[in-house]
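One structure below.
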């Protein structure tokens with residue numbers, strides 16, 4: 004299971020939407036687990052004691068596509084590849100709301116509600132770009148493609164969290180249409196006829212961002 008939070012990076016000034024010809028965004032492939040998790044560490048350090056990098060690495064190296072144990076909801080691992088060197092210079096991990104689903108399961112939610120919740124929501128788990136490749140639009144391209152994939156798989160709401168007071172990350176996510184919530188404020192994941200509203204709360208010292216997709 005992949006659960007966790009999102010760490011701020013050094014978000015920089017926005018660049019044009021088009022990536023350089025030497026960069027491409029694609030799904031992670033077999034054998035790229037270590038390169039992926041090495042970069043994911045930039046986004047995960049300092050956010051709680053839970054470290055799921057090994058689970059990420061194993062999942063990537065087993066091959067995809069990846070579906071949560073609840074039978075719905077894509078787990079999407081994207082990379083930014085520097086094509087001249089085949090190097091991985093950026094990553095994103097976006098997942099169903101697994102911690103929320105775990106709480107629902109413990110509270111006795113029925114399988115239909117769990118499956119509908121897993122499909123409806125996506126959490127931005129990790130988003131990171133190598134230092135030498137920042138300010139080229141890579142983080143924006145990764146996030147945009149990840150949300151499009153989840154939308155195509157019937158997700159309609161995305162959220163995540165970062166260290167409270169990180170103005171750079173607040174600007175980045177606001178620019179991508181997210182509402183930035185006050186430090187400590189939970190996000191309400193809106194329900195439907197198939198599943199109720201549920202809440203997702205940050206750790207102390209974090210704040211959340213959310214939007215429909």
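Numbering (the working numbering), first residue to last: 4 to 216. Backbone N, C-alpha and C fix where the C-beta goes; we use that ideal spot for every residue, glycine too. Bear in mind the structure is a predicted one, so any value in this text is a computation, not a measurement.
Beta-carbon contacts of residue i that lie in its chain and below 7 angstroms, excluding the five residues immediately before and after
| i | result |
| --- | --- |
| residue 181 | 212, 213, 214 |
| residue 1 | Residue coverage of the chain in this structure runs from 4 to 216, which leaves residue 1 outside it and unanswerable. |
| residue 152 | 77, 79 |
| residue 104 | 73, 117, 120, 121 |
| residue 131 | 12, 42, 43, 45, 46, 93, 94 |
Per-residue DSSP class, three states only, for residue i
| i | result |
| --- | --- |
| residue 84 | strand |
| residue 202 | strand |
| residue 141 | helix |
| residue 12 | Residue placement at residue 12 is flagged as unreliable, the pLDDT there being 46, under the threshold of 50; the coordinate-derived value follows with that caveat. Reduced to three states, the DSSP call for residue 12 is coil. |
| residue 73 | coil |
| residue 35 | coil |
| residue 97 | strand |
| residue 216 | coil |
| residue 112 | coil |
| residue 123 | helix |
| residue 90 | strand |
| residue 210 | strand |
| residue 22 | coil |
| residue 129 | strand |
Cβ-Cβ separation, residue j to residue i (assumed contact under 8 angstroms), whole Å
| i | j | result |
| --- | --- | --- |
| residue 79 | residue 99 | No, residue 79 and residue 99 are not in contact; Cβ-Cβ is about 10 angstroms, not under 8 angstroms. |
| residue 209 | residue 164 | 5 angstroms |
| residue 64 | residue 90 | In fact, because the Cβ distance is near 18 angstroms, the residues do not count as touching under 8 angstroms. |
Beta carbon of residue i nearer than 9 angstroms to that of residue j
| i | j | result |
| --- | --- | --- |
| residue 76 | residue 122 | yes |
| residue 149 | residue 127 | yes |
| residue 22 | residue 116 | no |
| residue 167 | residue 186 | yes |
| residue 85 | residue 25 | yes |
| residue 28 | residue 141 | yes |
| residue 88 | residue 60 | no |
Cutoff 6 angstroms; reference residue i; Cβ partners in own chain excluding five residues on either side
| i | result |
| --- | --- |
| residue 202 | 189, 191 |
| residue 184 | 210, 211 |
| residue 173 | 183 |
Spatial neighbours of residue i in its chain, beta-carbon cut-off 8 angstroms, leaving aside the 5 residues before and after
| i | result |
| --- | --- |
| residue 69 | 62, 77, 78, 79, 80 |
| residue 179 | 143, 146, 147, 214 |
| residue 200 | 191, 192, 193, 194 |
| residue 57 | 40 |
| residue 37 | 60 |
- Message: I'd like the ranges of any beta strand (DSSP E) spanning at least 3 consecutive residues and lying wholly in the segment 145-203.
- Response: Within the segment 145-203, the beta strand (DSSP E) runs of at least 3 residues that lie entirely inside it are, in chain order, 160-166, 190-192, 201-203.
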